[in-house]
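Protein chains: 2
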Amino acid sequence: MINFQTSPDRYKHWKLSFEGAVARLSMDVAEDETLNEGYKLKLNSYDLGVDIELADAIQRIRFEHPEVRAVVVTSLKPRIFCAGANIYMLGTSSHAFKVNFCKFTNETRCAIEDDSQHSGRRYLAALNGTASGGGYELAIACDEIYLVDDGNSAVSLPEVPLLGVLPGTGGLTRLVDKRKIRRDRADVFSTLAEGLKGKRAKEWGLIDDTFATTKFQDGVDERVKQIVSEPRTIATGSGESPTGIKLIPLTVRAGLVRAPTDSQGRAGTSPAPTDNNETRDYKYVSLRFHRDKRYADLTVHAPESDLPATADEIQKLGDDYWPLRAFRELDDALLHLRVNEPEIGLVCVRSEGSIDHVLAVDKTLAANRDHWLVRETLLQMARTLRRMDLTAKSFFSFIEPGSCFAGNLFELVLASDRSYMLNNPEKAVEVALSELNVGAFPMSNGLTRLQSRFLADQKKAYEAFAHEGPFDTEAADEAGLVTFAPDDLDWDDEIRLAIEERTSLSPDALTGMEASLRFAGPETMDTKIYGRLTAWQNWIFQRPNAVGPNGALTNYGKPTQAKFDYKRT
Amino acid sequence: MINFQTSPDRYKHWKLSFEGAVARLSMDVAEDETLNEGYKLKLNSYDLGVDIELADAIQRIRFEHPEVRAVVVTSLKPRIFCAGANIYMLGTSSHAFKVNFCKFTNETRCAIEDDSQHSGRRYLAALNGTASGGGYELAIACDEIYLVDDGNSAVSLPEVPLLGVLPGTGGLTRLVDKRKIRRDRADVFSTLAEGLKGKRAKEWGLIDDTFATTKFQDGVDERVKQIVSEPRTIATGSGESPTGIKLIPLTVRAGLVRAPTDSQGRAGTSPAPTDNNETRDYKYVSLRFHRDKRYADLTVHAPESDLPATADEIQKLGDDYWPLRAFRELDDALLHLRVNEPEIGLVCVRSEGSIDHVLAVDKTLAANRDHWLVRETLLQMARTLRRMDLTAKSFFSFIEPGSCFAGNLFELVLASDRSYMLNNPEKAVEVALSELNVGAFPMSNGLTRLQSRFLADQKKAYEAFAHEGPFDTEAADEAGLVTFAPDDLDWDDEIRLAIEERTSLSPDALTGMEASLRFAGPETMDTKIYGRLTAWQNWIFQRPNAVGPNGALTNYGKPTQAKFDYKRT
């Protein structure tokens with residue numbers, strides 16, 4: 318089982334250090350500390366384990382070190398920055414694992430850009446040696462790239478010429494859409510296994526500058542100094558130098574479901590957790606697996622009543638504050654479902670607790686959004702919801718008595734492929750919107766989920782927002798906020814049938830369908846990476862020319878050579 | 318060999334009739350007239366042959382019947398409009414064929430929307446019976462959809478639930494991006510094999526209206542009458558009722574290359590054409606195949622000197638006018654390369670003739686762009702260039718003495734993945750821009766190819782346009798218009814190496830790479846269809862869950878049932 322929780326004291330591959338407003342994130346991959354057997358992480362190449370630490374480090378910089386203004390991403394290995402994803406790991410991984418690995422890597426790189434764009438931290442890739450493949454892709458996720466000019470070090474994307482696959486974790490898209498390299502030069506660069514060195518790389522726009530070996534450290538330091546001396550453009554809401562909070566790795570309790578007491582009143586047993594547990598419980602989020610039926614229940618619990626209303630109190634509560642805690646748990650649950658539960662095809666989203674408590678939290682968040690910690694919390698919630706949009710599972714929301722789909726939690730309904738709301742006038746079944754639904758949680762395409770839902774008639778989004786108080790089932794249905802509103806008599810059957818039907822369909826067709834229907838409207842660099850580029854890479858990851866016995870990926874580093882079927886498709 | 322040239326007198330599957338300003342395009346598929354063995358085109362299902370006729374019919378409406386304001390797309394079969402692409406044809410086709418078939422179908426549907434958007438013709442899908450799968454996808458390419466309410470007829474996208482593939486020829490994208498169906502309803506609709514009938518279909522926005530059987534004809538006629546009575550919004554430049562020109566199917570001469578005369582002065586032989594010919598010559602376009610080296614030369618010849626300068630003369634010349642003729646030939650050559658020459662991976666683009674003649678044509682086209690025939694010609698040129706952008710082959714342009722890459726033909730250089738321009742100060746090697754390069758030929762993403770090339774610095778596009786007269790090699794290189802400018806000494810070697818290197822790479826990786834690098838910048842509904850949707854469909858077309866022995870596509874209509882690997886990817 319792959320664990321996405323870590324912390325700097327457990328890192329095996331990265332060193333994270335701080336000096337005033339500067340963080341230094343140094344790659345020093347331990348080649349034997351792999352997630353799986355059968356490969357060594359030579360030359361700072363990476364597997365998912367390396368990337369989980371990187372994702373954690375970026376989170377920690379944001380929450381634990383808000384004083385940081387510049388992040389230097391570099392390597393502690395001589396002459397090599399990073400050789401990209403480990404080829405032997407890719408060559409021996411299942412298709413599903415490869416796809417999920419690439420998706421997580423993409424999300425981590427987008428998280429760097431999210432930090433840069435919304436929290437104003439500047440990321441510098443200090444390439445003290447060659448950055449190839451995923452190594453250069455990591456570099457172009459940073460704001461600025463500096464390459465040592467030692468006569469040898471280069472930047473390169475050798476995937477096409479050497480491996481018969483794409484630089485598919487953002488590489489091709491960022492070349493032409495972020496760095497805006499001329500397409501013919503991007504074509505040349507992406508087919509040139511050895512890549513380009515300092516002067517030419519700079520001329521073509523692949524790097525920002527190059528320094529001779531002896532001047533490299535000074536050159537980068539100079540630029541860092543300049544950045545931290547510039548006035549801060551993003552408010553912290555807490556004086557000049559905000560103090561961070563500590564992110565404790567989440568604790569998870571896994572277990573079998575306690576069997577109901579039997580007719581003699583004997584309680585069911587609850588054996589020790591195993592890898593094949595039926596439940597996975599966090600503090601506010603819980604998962605329950607129905608593996609034989611290929612679906613899982615995901616329930617989010619509302620906050621308690623006594624949550625803080627001021628930024629100071631929130632800061633004191635730290636990572637135990639409900640929005641941060643609940644959405645970090647949700648994030649971990651989504652990653653767990655993706656990687657550790659591949660056969661779960663459908664996630665049934667539920668919520669429990671007080672709508673008022675959820676709305677109170679939203680009110681506090683909205684009132685304090687200029688405070689650095691509240692901003693980071695909102696951005697973390699937004700990233701988690703985007704992770705949900707990008708998860709290759711179906712999501713159905715079920716809205717029942719006792720649920721609390723309001724404000725931030727209503728985004729889970731909007732992010733679902735469908736929603737079912739019980740229509741029973743005798744029981745209170747309600748949903749509600751808050752200020753946060755109209756801007757705080759943009760999708761990858763830049764729209765809010767309400768805008769995306771009402772693309773045909775934006776007025777409906779405004780009307781829904783203007784509605785006073787919570788919506789009962791009929792009002793929610795009328796406003797277009799839910800898909801179906803079955804009554805009490807039909808509810809159980811309709812839900813059972815919907816689940817059975819969904820889990821019987823081709824999982825691949827559903828993935829392609831959901832990836833198309835979830836992202837109506839504009840496209841952005843992010844959606845191009847997850848849509849166009851990723852879909853092509855997934856196609857190539859299925860093609861015999863890459864992964865067949867004669868494929869280039871299969872044969873990399875072997876004495877045998879790739880043999881292609883040259884039919885162009 | 319598949320032939321893309323046809324005309325109404327040869328149609329087997331469509332009836333095209335005209336009455337004043339109304340064209341009627343009626344589907345009546347002959348089930349035995351298939352392109353390949355092994356399937357019957359029942360229930361107005363289609364194969365590539367049916368779609369070639371549809372594409373031809375749309376072209377003819379535009380050029381031969383400019384008086385037409387409304388096109389009614391309907392069926393002559395009772396109770397069925399169209400059942401979509403033939404499943405057994407798909408099930409027995411190679412992957413490469415499936416992909417090319419879908420691409421052509423997509424281009425044909427985009428051509429309907431191009432006609433609607435730029436020439437102001439309104440397309441009405443008159444669904445006299447069920448429209449399922451590709452049948453409904455054809456309908457949503459039209460501007461308006463009317464469905465008979467006979468208690469039985471429905472619109473549906475049964476691909477996901479029945480076949481384990483996507484409605485991948487525009488279906489999913491147009492659902493949410495064109496008709497802007499709410500994503501949860503689109504989800505339900507796309508998993509509901511039986512689809513939706515009149516009332517519900519209208520309520521959800523899947524159709525525009527529904528009429529009882531007895532009122533169907535009248536209802537559609539009424540709407541048509543309304544359309545043709547509205548004032549024309551697009552100028553014809555030739556009075557109220559323009560007269561069309563005739564499009565004669567292109568003639569092609571295929572042959573073996575004449576061997577050079579031998580040392581005794583005996584000429585080489587030139588045997589009769591076969592399917593495996595080494596050349597394919599049109600009037601202005603010629604192809605030469607180097608099949609053992611997996612590349613082809615494509616040469617476009619400039620117009621003669623005495624081309625007309627007025628719209629009247631152009632109209633008289635008809636389909637023999639160079640821009641129309643040359644680009645129709647280019648279009649056919651691209652389709653031929655895609656479908657009949659799958660192993661050709663690289664197309665070397667060359668041109669021959671007078672730059673001045675090409676620029677004179679552009680001047681005439683620009684001066685007369687409000688004339689209906691000139692407008693249609695420009696739009697046809699633009700579609701052909703987009704077909705090139707979307708062709709899964711590499712394109713390298715070679716600019717040598719005697720070439721004429723100017724104005725409209727310079728778009729071929731801009732559409733190429735790379736360009737090589739000989740740098741020999743002793744010979745005139747020139748390229749030139751014209752007014753047409755800055756607006757007449759938008760790519761699928763809405764940008765001109767100059768804008769797309771200079772995304773990093775739009776000023777360069779303006780500077781290039783403002784340049785006086787043609788560019789010699791150094792000026793072109795300086796302006797960023799070409800990729801490489803080798804001198805005479807290096808030219809042959811550099812080109813030989815570039816060709817050898819390109820054709821040695823994985824054809825799949827190149828397809829994915831080119832599809833990513835060619836479309837920097839914004840995305841549109843078109844690019845979403847060719848990028849996101851198509852790439853996912855191609856992936857699914859490779860997945861065992863669709864095409865393996867237990868796959869849903871393979872097992873459709875057989876007594877055996879599909880068995881899925883339920884791992885979600």
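Just so you know, the sequences run in chain order A and B. When we follow the working numbering, the leftmost residue of the first sequence carries the number 318, and every step to the right adds one. When we follow the working numbering, the leftmost residue of the second sequence carries the number 318, and every step to the right adds one. Note that beta-carbon positions come from the ideal geometry of N, C-alpha and C, so glycine has one too.
* Asked: For S507/A versus V477/A, is the C-beta distance shorter than 7 Å?
  -> yes
Partner residues on chain A for N862/B, Cβ-Cβ distance less than 9 Å: S823, P824, D825 and A826
query: In terms of alpha-carbon separation, which member of D794/B, G437/B, N867/B and E743/B lies closest to R549/B?
result: In terms of CA proximity to R549/B, G437/B leads the group D794/B, G437/B, N867/B and E743/B.
Review point. Going along the chain, which residues of its own chain have a beta-carbon closer than 6 Å to the beta-carbon of V545/A, five neighbours each way excluded?
Key: A338, R386 and A387
Residues of the stretch 395-410 of chain A in Cβ contact with chain D at a cutoff of 9 Å, in chain order, please. In the structure shown, chain D cannot be found, because the protein chains are A and B.
Checklist entry - On the three-state DSSP scale, how would you describe A677/A? => result helix
Notebook entry, point to check: Near G446/B, which residues of its chain fall below 6 Å by C-beta distance, leaving aside the five closest residues on each side in sequence?
Noted result: R396, I397, F398 and S470
TODO: Give the straight-line distance between the Cα atoms of K845/B and V416/B, rounded to the nearest whole angstrom.
DONE: 16 Å
message = Going by the DSSP bridge assignment, what does M842/B pair with across the sheet?
response = BP columns for M842/B are empty, so no partner.
Grouping DSSP H, G and I as helix and E and B as strand, with all else coil, what is I716/A?
-> strand
Quiz prompt | Where the beta strand (DSSP E) through A372/B begins and ends | solution = First-last for A372/B: L365 to E381, but that is the alpha helix (DSSP H), not the beta strand (DSSP E).
### Query
Nearest CA to the CA of P484/B: which residue from D805/B, S751/B and N403/B?
N403/B
Query raised in the report: Where does E817/A land, buried or exposed, given buried means 16+ other C-beta within 10 angstroms?
Result: exposed
Can you tell me where the beta strand (DSSP E) holding F771/A begins and where it ends?
From DSSP, F771/A is part of no beta strand (DSSP E); its letter is neither H nor E.
To the nearest angstrom, report how far apart D629/A and R704/A are at their CA atoms. 29 Å
Interface residues of chain B facing F782/A [CB-CB closer than 8 Å]
By Cβ distance, chain B contributes nothing, its closest Cβ being about 17 Å from F782/A, past 8 Å.
Chain-ordered chain B contacts of N855/A [CB-CB under 7 Å]:
W856
key: Between the CA atoms of C665/A and F758/A - distance to the nearest angstrom   = 21 Å
Original post:
Does any CB atom of chain B fall closer than 7 Å to the CB of A510/A?
Top reply: Using a CB distance cut-off of 7 Å, A510/A does not count as an interface residue toward chain B.
Quick one: any contact between the stretch 818-831 of chain A and the stretch 853-866 of chain B, if contact means 3 or more CB pairs under 8 Å?
yes
Just to make sure I have the definition right: I need the residues of chain A whose C-beta is within less than 7 Å of the C-beta of P478/B. Which are they?
L822
Contact between the stretch 741-755 of chain A and the stretch 782-801 of chain A: three or more CB pairs below 8 Å? yes
- Under a Cβ-count criterion, where at least 16 other Cβ atoms within 10 Å of its own Cβ denotes burial, should Q697/B be classed as buried or exposed? buried
Item to check | N740/A in three-state terms, based on DSSP | outcome: strand
Is it right to say A709/A is buried, meaning 16 or more other beta carbons lie within 10 angstroms of its own, or is it exposed?
buried
The beta strand (DSSP E) that contains R341/A, what's its start and end?
That run of the beta strand (DSSP E) goes V339 to M344.
Q.
For G874/A, would you say it is in contact with chain B, using Cβ-to-Cβ distances shorter than 7 Å as the test?
A. Under the 7 Å criterion on CB atoms, G874/A is classed as non-interfacial with respect to chain B.
- Between the Cα of L567/A and those of F321/A, S823/A, T877/A and R819/A, spot the shortest distance and give me the residue it belongs to. Answer by Cα proximity: F321/A.
How is the alpha helix (DSSP H) around V545/B delimited, first residue to last? T530 to S546
**Prompt:** L647/A: which of S668/A, G635/A and A347/A sits nearest, CA to CA?
**Reply:** Nearest of S668/A, G635/A and A347/A to L647/A, Cα basis: S668/A.
C-beta atoms of S751/A and L676/A nearer than 7 Å: yes
So, using beta-carbon positions, are V678/B and L624/B closer together than 7 Å? yes
Any chance the stretch 760-775 of chain B sits against the stretch 836-845 of chain B, with 3 or more Cβ pairs inside 8 Å? yes
T292/A to G635/A span [Cα, whole Å]: The question about residue 292/A has no answer here: the residues shown for chain A are numbered 318 through 886.
S507/B: beta carbon under 6 Å from a heavy atom of the ligand FMN? The model depicted lacks the ligand FMN and carries no ligand whatsoever.
#### Entry: Inter-stretch contact (C-beta, 8 Å, three-pair minimum) for the stretch 655-662 of chain A and the stretch 598-611 of chain A
When C-beta atoms of the stretch 655-662 of chain A are compared with those of the stretch 598-611 of chain A, three or more pairs fall below 8 Å, so the two segments count as touching.
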